[in-house]
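So that you can map any letter, position 76 of the sequence shown is 892 in the working numbering, and since no number is skipped, the others follow by simple counting. Backbone N, C-alpha and C define an ideal beta-carbon position, used for all residues, glycine too. Have a look at the structure below before the remarks.
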Amino acid sequence: MRRLSVFCLVSLLSGLALATPLADIQGRGTLIMGTCGDFPPFSQTDLATGAIEGLDVRLVGLLADRLGLELETQQLSFDALIPAVETGQVDLAGCGITITPERGERVNFTGGYIRAAQVLLVNQGSEVSSDRADFTGLRIGVQLGTTGQYVAQGVLEPKGAEIVVFDGDLANAFNDLETGALDAVVVDAPTVPFLQAEGRPFQQGGPPLNDEIFGFIAAKDDSGLVAAFNILLADLIFGSRRAEYNALLEEFGLDQ
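Take a look at the structure:
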């Protein structure tokens, strides 16, 4: 797996949304997080208990602890996370969400907390590589509404690739890849070693397609919740709780 490193705290500001003020959240006593539950190791569902766990959920749990709140998670499809934040259905959301200017026009990002990349997931022994010049005749799977979809459409489609969009998680895409119905699937880099650990016969096909930073999202007019989260992230990444953050990365199989 390509080494992941944390990124300096940065926030993108502008736009309109329906934020619940931090004081109201504290009065309610519950912090409501939206997450997809299908993107390990950042957000995944425990099949035995049905609970959603992962690095993103753990970090929001630390924020809830810091604010003296209980954490409630709502499982949503990835493309429903931004609308849920915009309408106030959830207070914030996280599921390996890449910080982009386009998304920043609709929501308020926290600072970045980890660096990642989009890569090609291919079958073991496949000669399909991200750096090939011609993708004519190749079928590439992507998840609807993700950075992977936009990267594939911007980088691979002009080279002749057929982009196959999956609505929901990528479980069917992984099965199609294994059976040969797809030639590759665009995924975030940490997904590759996770699937390999599960025994799936996959490998990374070539160098990363891009470089990106993950952040959490809150409503556009929110300031208090994002500010509180940024203070926590700064303490974890750069401050007195850095060892705790490194232990979390190790627990979830991410490079420090």
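Item	Value
Does the Cβ-Cβ distance between residue 1021 and residue 946 come in under 8 Å?	yes
Just curious, the beta strand (DSSP E) that residue 955 is in, first and last residue?	955-959
May I have a chain-ordered list of the alpha helix (DSSP H) segments no shorter than 4 residues that lie completely inside the stretch 908-972?	917-920 and 963-967
Exposed or buried, what is residue 902 when buried is set at 16 or more other beta-carbons lying within 10 Å of its beta-carbon?	buried
Where does residue 1002 sit, in a helix, a strand or coil, going by DSSP?	strand
DSSP on residue 1028, reduced to helix/strand/coil?	strand
Since residue 963 and residue 914 should fall inside the 8 Å C-beta cutoff, what is the C-beta to C-beta distance between them, to a whole number of angstroms?	4 Å
Which residues does DSSP list as the beta-bridge partners of residue 890?	850
Could you give the DSSP three-state label for residue 905: helix, strand or coil?	coil
I'd like to know whether the C-beta atoms of residue 777 and residue 845 end up nearer to each other than 8 Å.	Nothing in the structure corresponds to residue 777, since the chain is present only between 817 and 1072.
Can you give me the C-alpha to C-alpha distance between residue 1049 and residue 953, rounded to a whole angstrom?	44 Å
Using 8 Å as the threshold, is the stretch 963-976 in touch with the stretch 1060-1071, meaning 3 or more CB pairs across them?	no
Once DSSP output is grouped into helix, strand and coil, what is the label at residue 1076?	Absent from the model: residue 1076. The displayed extent of the chain is 817 to 1072, so no value can be given.
Between which two residues does the alpha helix (DSSP H) holding residue 1059 run?	1058-1067
Can you give me the start and stop residues for the beta strand (DSSP E) that residue 978 sits inside?	978-982
Examine the Cβ distances between the stretch 1042-1056 and the stretch 888-900 and report whether three or more of them are shorter than 8 Å.	no
Just list the residues that DSSP pairs residue 868 with in beta bridges.	861
Here's the rule: buried if 16 or more other CB atoms are within 10 angstroms of the residue's CB, otherwise exposed. What is residue 860?	buried
Please confirm whether residue 843 has its beta-carbon closer than 8 Å to some beta-carbon of chain C.	Included in the structure is just one protein chain, with no chain C present.
To which residues does DSSP link residue 1019 through a beta bridge?	938
Between residue 1040 and the rest of its own chain, which residues show a CB-CB distance below 6 Å, the 5 nearest in sequence each way excluded?	838
Could you check whether the stretch 1056-1066 touches the stretch 982-1000, counting it as contact only if at least three pairs of C-beta atoms, one from each stretch, sit closer than 8 Å?	no
Could you give the distance in angstroms between the alpha-carbon of residue 1065 and the alpha-carbon of residue 1005?	14 Å
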